[in-house]
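Peer 1: Numbering (our numbering), first residue to last: 18 to 164. From the three backbone atoms N, C-alpha and C, an ideal C-beta is built for every residue, glycine too. Here it is, the structure, as structure tokens.
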Ligand SMILES: [Zn+2]
């Protein structure tokens with residue numbers, strides 16, 4: 018009986034001090050080295066973020082759609098091909114002679130080569146662009162183009 022009380026008297030404070038001690042250590046590890054593991058967590062998160070970013074840009078590169086150039090009439094046109102009958106032709110055509118994309122001013126497109134007289138009026142541009150689209154469409158169907 019006495020032994021039980023004695024153990025209880027010693028045991029309970031020891032248990033409490035042990036518990037509070039453990040809690041103290043826990044609190045201390047949470048409080049004082051906080052910046053350390055906060056930094057570790059941040060670094061890990063940043064690493065994951067960078068990794069995902071790189072992965073994403075890689076997958077974007079590999080899934081980039083093929084680009085093909087077509088000569089229609091006096092110009093060369095750049096087309097991005099998503100599939101047969103699903104493509105996009107760049108608004109800006111390319112000078113056949115100098116292989117330079119034309120530059121747009123307020124009313125016309127011109128070749129940046131100073132010796133070139135290639136000029137495409139904005140009013141004619143729509144027709145040329147539409148014609149190019151039509152020819153490219155036929156070309157892609159003919160070759161049954163696959164990405
Ligand atoms: Zn030119």
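In the stretch 66-128, which residue ranges form an unbroken beta strand (DSSP E) of at least 3 residues, counting only runs that do not cross its ends?
Peer 2: Runs of the beta strand (DSSP E) inside the stretch 66-128: 84-89, 92-100, 103-106, 125-127.
Peer 1: Which partner residues does residue 136 have in the DSSP bridge list?
Peer 2: Position 119 of the chain shown, counted from the first residue, corresponds to residue 136. Note: residue 136 sits in a beta bridge opposite 127.
Peer 1: Closer than 5 Å from C-beta to any heavy atom of ligand 1: which residues, in chain order?
Peer 2: Those residues are 112, 114, 115, 128, 130, 133, 135, given in chain order.
Peer 1: If the criterion is Cβ atoms closer than 8 Å, does the pair residue 136 and residue 143 meet it?
Peer 2: Against the chain shown, residue 136 aligns to sequence position 119. Against the chain shown, residue 143 aligns to sequence position 126. In this structure, residue 143 does not lie closer than 8 Å to residue 136 by Cβ.
Peer 1: Classify residue 92: buried if its beta carbon has 16 or more other beta carbons within 10 angstroms, exposed otherwise.
Peer 2: Counted from its first residue, the chain shown places residue 92 at position 75. The residue is buried, with at least 16 neighbouring Cβ atoms inside 10 Å.
Peer 1: On the CB-based measure, 16 or more other CB atoms within 10 Å of its CB, does residue 58 come out buried or exposed?
Peer 2: For the purposes of this step, residue 58 is taken as the residue at position 41 of the chain shown. Answer is exposed; the Cβ neighbour count stays below 16.
Peer 1: Out of 154, 139, 161, state which residue places its alpha-carbon closest to the alpha-carbon of residue 89.
Peer 2: Counting from one through the chain shown, the residue named residue 89 turns up at place 72. Nearest of 154, 139, 161 to residue 89, Cα basis: 154.
Peer 1: Under three-state DSSP, which class holds residue 148?
Peer 2: Locating residue 148 in the chain shown gives position 131, counting from the first residue. Three-state result, residue 148: helix.
Peer 1: Is it right to say residue 84 is buried, meaning 16 or more other beta carbons lie within 10 angstroms of its own, or is it exposed?
Peer 2: The residue given as residue 84 occupies position 67 in the chain shown. Per the 10 Å Cβ criterion, exposed.
Peer 1: Classify residue 56 as helix, strand or coil using the three-state DSSP reduction.
Peer 2: Counted from its first residue, the chain shown places residue 56 at position 39. In this structure, residue 56 counts as helix in the three-state DSSP scheme.
Peer 1: Short of 6 Å in beta carbon distance, which residues of its chain neighbour residue 99, apart from the five on each side in sequence? Order them along the chain.
Peer 2: Counting from 1 along the chain shown, the entry for residue 99 is found at position 82. Within the same chain, residue 99 has close Cβ partners 82.
Peer 1: Since residue 106 and residue 150 should fall inside the 8 Å C-beta cutoff, what is the C-beta to C-beta distance between them, to a whole number of angstroms?
Peer 2: Within the chain shown, residue 106 is the residue found at index 89, counting from 1. Within the chain shown, residue 150 is the residue found at index 133, counting from 1. With 8 Å as the limit, residue 106 and residue 150 qualify as a contact, their Cβ atoms being about 5 Å apart.
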